[in-house]
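*Asks:*
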Amino acid sequence: GENVEQHPSTLSVQEGDSAVIKCTYSDSASNYFPWYKQELGKRPQLIIDIRSNVGEKKDQRIAVTLNKTAKHFSLHITETQPEDSAVYFCAAHLGMNTGFQKLVFGTGTRLLVSP
Amino acid sequence: GAVVSQHPSWVICKSGTSVKIECRSLDFQATTMFWYRQFPKQSLMLMATSNEGSKATYEQGVEKDKFLINHASLTLSTLTVTSAHPEDSSFYICSARDRGRSSNSPLHFGNGTRLTVT
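Sequence order for the protein chains is Z and V.
First residue of the first sequence: 1, per this note's numbering; consecutive thereafter.
First residue of the second sequence: 1001, per this note's numbering; consecutive thereafter.
1) Within the continuous beta strand (DSSP E) that includes V/Ser1073, where are the two ends?
2) So V/Thr1078 and V/Lys1041 are supposed to be a Cβ contact under 8 Å. How far apart are they, rounded?
3) Give me the DSSP bridge partner(s) of Z/Lys37.
4) Interface residues of chain V around Z/Tyr32 at Cβ under 8 Å?
5) Could you name the residues of chain V that Z/Asp27 contacts, counting a contact when the two beta carbons are closer than 7 Å?
6) Quick check on the DSSP output: the beta strand (DSSP E) that includes V/Gln1006 runs from which residue to which?
7) For Z/Ile47, tell me which candidate among Z/Tyr36, Z/Ser26, Z/Thr24 has the shortest Cα-Cα distance.
8) By DSSP's criteria, Z/Leu112 is part of a beta bridge. Which residues make up the other side?
9) Have a look at V/Asp1065, V/Asp1098, V/Ile1069, V/Leu1076 and flag the residue whose alpha-carbon is nearest the alpha-carbon of V/Ser1083.
10) Against chain Z, which members of the region 1031-1046 of chain V pass a CB distance test of less than 7 Å?
11) Please name the residue or residues paired with V/Glu1022 in a DSSP beta bridge.
12) Of the residues V/Ser1103, V/Asn1111, V/Thr1116, V/Phe1109, which one's Cα is nearest the Cα of Z/Asn31?
13) Am I right that V/Gln1038 and V/Leu1044 are in contact with their C-beta atoms under 8 Å? What's the rounded C-beta distance?
14) Out of curiosity, what's the CA-to-CA distance linking Z/Arg43 and V/Ser1054?
15) Counting only the same chain and skipping the five closest in sequence on each side, list residues whose C-beta sits under 6 Å from that of Z/Thr130.
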């Protein structure tokens, strides 16, 4: 099936700690994996993305890793700050072999960073 | 650049009425637009893929006669919720990809429409 699984559903950390969110996908032909941050009542904001031709990408405190063989990718946030508190969604571009390509979202992780 | 304008941002309607939501790409053309629905504390669920000049592709379980999609131009897609019921109350978000970009490029999201059916 076409699905993206995400863990954990909630994550509480202390300010300054690291946070890791993991996702798995089903379509081995998927080639694009974005991560979004969504604050209450607002649209999701793209924070980082990775394509299937690379294994890791970093942008300041945020990094994403991709393991194509295992079909999983992870978001790493270092030196977390209270303003990082939000819901984070992974997504995967699925349907690459069907002609009906679409972006499917994971179930979301509610991150709470305590001061 | 790459702005998607979605209107209205919120709407309250009575049960049985219809509501139209517009999604416009302001500075790029979009052959394909996507409509998502998000219930409270849940993920974004793809409802349908809107294709310019042709019929929309609906996800399994989404009623095409209830959620009418029209993509008449390269910059405008509309979603009409017909005969709305309280269970249709949700956050509806559209997104679009620049037709000049590859399939593995970012989607651009509208600000969403919060629909409340009373």
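The beta carbon of each residue, even a glycine, is placed where N, CA and C say it ideally should be.
If you're wondering where the values come from, they're calculated on a predicted model, not measured in any experiment.
*Replies:* In this structure, then:
1) For this step, residue 1073 of chain V is matched to residue 73 along the second sequence. Looking at the DSSP string, the run of the beta strand (DSSP E) that includes V/Ser1073 is 1067-1073.
2) On the second sequence, residue 1078 of chain V is found 78 positions in, with the first residue counted as 1. On the second sequence, residue 1041 of chain V is found 41 positions in, with the first residue counted as 1. Contact flag wrong, Cβ pair sits at about 28 Å.
3) To locate residue 37 of chain Z, count along the first sequence from 1; it is residue 37. DSSP lists Z/Gln45, Z/Tyr88 as the beta-bridge partner residues of Z/Lys37.
4) Here residue 32 of chain Z is taken as the residue at index 32 of the first sequence, counted from 1. Ordered by position in chain V, the residues that pass the 8 Å Cβ test against Z/Tyr32 are Ser1103, Asn1104, Ser1105.
5) Here residue 27 of chain Z refers to the residue found at position 27 when the first sequence is read from its first residue. Under the 7 Å cutoff, chain V gives no residues; its nearest Cβ is about 13 Å from Z/Asp27.
6) Counted from its first residue, the second sequence places residue 1006 of chain V at position 6. V/Gln1006 -> beta strand (DSSP E) spans 1004-1007.
7) Walking along the first sequence from the start, residue 47 of chain Z turns up at place 47. That would be Z/Tyr36, whose Cα lies nearest to the Cα of Z/Ile47.
8) Residue mapping note: residue 112 of chain Z aligns to position 112 of the first sequence, counting from 1. Paired residue(s): Z/Ser12.
9) For the purposes of this step, residue 1083 of chain V is identified with residue 83 of the second sequence, where counting begins at 1. Nearest of V/Asp1065, V/Asp1098, V/Ile1069, V/Leu1076 to V/Ser1083, Cα basis: V/Asp1065.
10) Answer in chain order: Phe1034, Ser1043, Leu1044, Leu1046.
11) As a position in the second sequence, residue 1022 of chain V is number 22, starting the count at 1. Note: V/Glu1022 sits in a beta bridge opposite V/His1007, V/Thr1078.
12) Taking the first residue of the first sequence as position 1, residue 31 of chain Z is located at position 31. Z/Asn31 has its Cα closest to that of V/Ser1103, out of V/Ser1103, V/Asn1111, V/Thr1116, V/Phe1109.
13) Counting from 1 along the second sequence, the entry for residue 1038 of chain V is found at position 38. Counting from 1 along the second sequence, the entry for residue 1044 of chain V is found at position 44. Confirmed, Cβ separation roughly 5 Å.
14) Here residue 43 of chain Z corresponds to residue number 43 of the first sequence, with the count starting at 1. Here residue 1054 of chain V corresponds to residue number 54 of the second sequence, with the count starting at 1. Whole-angstrom Cα-Cα distance: 27 Å.
15) Any property of residue 130 of chain Z remains undetermined from this structure, which presents chain Z solely from 1 to 115.
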